[in-house]
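Asks: Please see the structure below; I have some questions.
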Amino acid sequence: MLCDIHAKQRRLLAPFFSTKFLRSLLPLFYPFAYELCDNIEKRSKSNDGVINMHKMMSIAALEYVGAGLGYQFDGLNEDKPNIYNDAAKAINPLTFKLSTFRVFLPWMVKLGPGWFRKALIDWVPWPDAQRLKKVIYTIDDVAQDILKTRRQAYEDGQINGKDILSAMLRFNDEADEDEKISDYEILSHITTTLFAGHETTTLKCNLLTMRQAGTLSRILYQMAILPKVQARLRKEVTEARAKDGDLDFEQLMELPYLDAVCKETLRCNPPVDQLYRTSNTHSVIPIMHPVRSADGKTMIDHVAVEPKTDLIISIIGYNRNKDVWGDDAEQWIPERWLEPPRQSVIDAKLPAVFSNIGYKFAEMEMKLILTMLLERFEFSISPKEEIFWQMGGSITPIVKGSGQIEPTLPLKVTPLPKPERK
1005 MLCDIHAKQR RLLAPFFSTK FLRSLLPLFY PFAYELCDNI EKRSKSNDGV
1055 INMHKMMSIA ALEYVGAGLG YQFDGLNEDK PNIYNDAAKA INPLTFKLST
1105 FRVFLPWMVK LGPGWFRKAL IDWVPWPDAQ RLKKVIYTID DVAQDILKTR
1155 RQAYEDGQIN GKDILSAMLR FNDEADEDEK ISDYEILSHI TTTLFAGHET
1205 TTLKCNLLTM RQAGTLSRIL YQMAILPKVQ ARLRKEVTEA RAKDGDLDFE
1255 QLMELPYLDA VCKETLRCNP PVDQLYRTSN THSVIPIMHP VRSADGKTMI
1305 DHVAVEPKTD LIISIIGYNR NKDVWGDDAE QWIPERWLEP PRQSVIDAKL
1355 PAVFSNIGYK FAEMEMKLIL TMLLERFEFS ISPKEEIFWQ MGGSITPIVK
1405 GSGQIEPTLP LKVTPLPKPE RK
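Sequential numbering of the sequence shown, starting at 1005, is according to the working numbering.
What follows is the structure in structure tokens.
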């Protein structure tokens, strides 16, 4: 069941993730796409053309979420410190270091008013807890700055109102008092949207369901190890852009092979391998394939779940279930999405992952970046490094045996002749 907060968030945000709104948002994304390609071409002239493409995709993901909020992080400017990026990257390591103390969180959030809980954290003697507090304050400061900047520009009539945050401010001007979005809610949306679209696209109440930089990195990796697939996809996107130039929303979203590549990557290599959930009510979970009870006397076709039961949902296990996807379920085959779905896929009644409220925003961003990159560059595996994909909150690439912690995807990037436009 959806909680009241979840339902309200979906109702408030749904208009800002609608096809109509995204259609008007897409033109705002093209300038950075060109800037990104030019920056990658410049980088390709050194280090034998080997570039950490995960870093570039992380910069792009953050910049596009910022663009959706009407804010520019200027992540390609290496002379400018990116305090948000540094803070966001520190979240996961610090959270895992403090995982032992997570059991106390449900108790602590009920412990008096906010100012008291803040004072309690200030008193905690653990250095990592203090570092995490500073990181959270930094992210909140960025959100406050975004809201302040956009509100001032909105009040001064200096913006066209096509970004999500401007639309929220305009909504507040027109809404009844009991429907207005509070500053606290707006700041929450800014923070979760930024963090979700950058490295972790799992918003509160599952508004987004993919981790953008990791997914883009995985697709580029697949292109690098499968040059025939890369060539086929490049042919599709270059022909479309040669005919129409910058693609509009419908043209971008309807490229069939690009769509198949994106969906197959999310199926076969989901950026989040499992989810953790706790039941709020008595529930019954049906079992697709009944199993025999321990005493061997009965067949069990459902599982009763008590309230407050912790559940682990294996996304990668289900996405590679041969009973659902066939004997080739372990293989990355985009062509499976160019054909009608198997009856077993239909019968499985898969959750509507691709219809979640923020999916179209993330899909549009991902497809735009891929069309621009594949038109301008050829990607291949760097002969000096072996890539390993590690699980740890999300699935990210690292160089095998390097001892590195930060995600890294070194690919050899070869610029292609710039296309001529009519």
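All residues carry an ideal CB built from backbone N, CA and C; glycine is no exception.
Who pairs with H1058 in a beta bridge, going by DSSP?
Replies: Bridge partners of H1058: none, in fact.
Asks: Say whether the region 1407-1418 touches the region 1041-1057, bearing in mind that this needs 3 or more beta-carbon pairs closer than 8 Å, one atom from each stretch.
Replies: yes
Asks: For G1330, collect the residues of the same chain with a Cβ closer than 7 Å to its Cβ; drop the 5 residues on either side in sequence, then sort them by chain order.
Replies: R1346
Asks: When burial is assigned at 16 or more other CB atoms within 10 Å of the CB, is Q1216 buried or exposed?
Replies: buried
Asks: For L1377, count neighbouring C-beta atoms within 10 Å of its own C-beta (all shown protein chains included) and say buried if the count is 16 or more, exposed if not.
Replies: buried
Asks: Using only the alpha-carbon positions, how far apart do E1410 and G1218 sit?
Replies: Here the C-alpha atom of E1410 lies approximately 12 Å from the C-alpha atom of G1218.
Asks: From what residue to what residue does the beta strand (DSSP E) around I1304 run?
Replies: 1303-1309
Asks: Taking the beta carbon of V1128 as the centre, do at least 16 other beta carbons fall within 10 Å, making it buried, or is it exposed?
Replies: exposed
Asks: Assuming the contact rule is C-beta atoms closer than 8 Å, G1074 and R1154 should be a hit. Round their C-beta distance to whole Å, please.
Replies: 5 Å
Asks: May I have the straight-line CA-CA distance separating D1132 from S1103, to the nearest angstrom?
Replies: 11 Å
Asks: Tell me which residue opens and which closes the beta strand (DSSP E) that F1381 is part of.
Replies: That run of the beta strand (DSSP E) goes 1381-1385.
Asks: Where P1275 and P1401 are concerned, what is the direct C-alpha to C-alpha distance, given to the nearest angstrom?
Replies: 11 Å
Asks: When you compare the region 1304-1313 with the region 1277-1287, are there three or more beta-carbon pairs, one atom per stretch, that lie closer than 8 Å?
Replies: yes
Asks: In or out: I1168 buried (at least 16 other Cβ within 10 Å) or exposed?
Replies: buried
Asks: Between which two residues does the alpha helix (DSSP H) carrying Y1024 extend?
Replies: Strictly speaking, residue 1024 in this sequence is Lys, with Tyr absent from that position. 1023-1029 is the extent of the alpha helix (DSSP H) around K1024.
Asks: Taking its Cβ as the centre, do 16 or more other Cβ atoms sit within 10 Å of K1239, making it buried, or is it exposed?
Replies: exposed
Asks: How far does the alpha helix (DSSP H) with Y1034 in it reach, from first residue to last?
Replies: 1034-1047
Asks: Excluding five sequence neighbours on each side, which residues of the same chain lie with their C-beta closer than 6 Å to the C-beta of P1338?
Replies: The beta carbon of P1338 sits closer than 6 Å to those of A1264, V1265, E1268, all from its chain and outside the five residues before and after it, given in chain order.
Asks: What does a CB cutoff of less than 8 Å around Q1076 pick up in its chain, not counting 5 residues either side in sequence?
Replies: Closer than 8 Å at the Cβ level, and outside the excluded window around Q1076, lie E1067, G1070.
Asks: Return the CA-CA distance between A1352 and L1315, expressed in angstroms with no decimal places.
Replies: The straight-line gap from Cα to Cα measures roughly 20 Å.
Asks: Taking L1080 and N1043 to be in contact with their CB atoms under 8 Å, please state how far apart those CB atoms are, rounded to whole angstroms.
Replies: Right, the Cβ-Cβ distance comes to about 5 Å (below 8 Å), so this counts as a contact.
Asks: Would you mind working out which of M1061, V1295, D1126, P1344 sits nearest L1220, comparing C-alpha positions?
Replies: M1061
Asks: Excluding the 5 residues preceding and the 5 following N1325 in the sequence, name in chain order all residues of the same chain whose CB lies nearer than 7 Å to its CB.
Replies: A1333
Asks: Would I1373 pass as a contact of A1037 if the rule is Cβ separation under 8 Å?
Replies: yes
Asks: Sorted by chain position, which residues of the same chain lie with C-beta nearer than 7 Å to F1021's C-beta, five sequence neighbours on each side aside?
Replies: I1361, G1362, K1364, F1365
Asks: Quick one: is E1424 buried, meaning 16 or more other Cβ sit within 10 Å of its Cβ, or exposed?
Replies: exposed
Asks: Alpha carbon to alpha carbon, how far is Y1034 from Q1394?
Replies: A direct Cα-to-Cα measurement between Y1034 and Q1394 gives close to 32 Å.
Asks: With I978 and T1142 assumed to form a contact (beta carbons below 8 Å), what rounded beta-carbon distance in angstroms separates them?
Replies: Residue 978 lies beyond the stretch modelled for the chain, which goes from 1005 to 1426, so this question has no answer here.
Asks: Which residues in the same chain as N1323 place their Cβ atom closer than 7 Å to its Cβ, once the five residues preceding and following it in sequence are excluded?
Replies: R1271, C1272, P1274
Asks: Where does Q1024 land, buried or exposed, given buried means 16+ other C-beta within 10 angstroms?
Replies: Going by the sequence as given, residue 1024 is Lys instead of Gln. Exposed, since its Cβ has fewer than 16 Cβ neighbours within 10 Å.
Asks: Identify every run of the alpha helix (DSSP H) within the region 1128-1183, keeping only runs that are complete inside it and at least 4 residues long; order them along the chain.
Replies: 1131-1159, 1168-1178
Asks: What is the rounded straight-line gap between the Cα of G1072 and the Cα of M1368?
Replies: Computed Cα separation, rounded: 12 Å.
Asks: Indicate the three-state DSSP secondary structure (helix, strand or coil) for Y1427 in the structure shown.
Replies: Not covered by the structure: residue 1427. The range shown for the chain is 1005 to 1426.
Asks: Helix, strand or coil, according to DSSP, for I1399 in the structure here?
Replies: strand
Asks: Tell me where the alpha helix (DSSP H) around Q1347 begins and ends.
Replies: In this chain, the alpha helix (DSSP H) harbouring Q1347 covers 1347-1352.
Asks: Distance, Cα to Cα, L1017 vs E1389?
Replies: 43 Å
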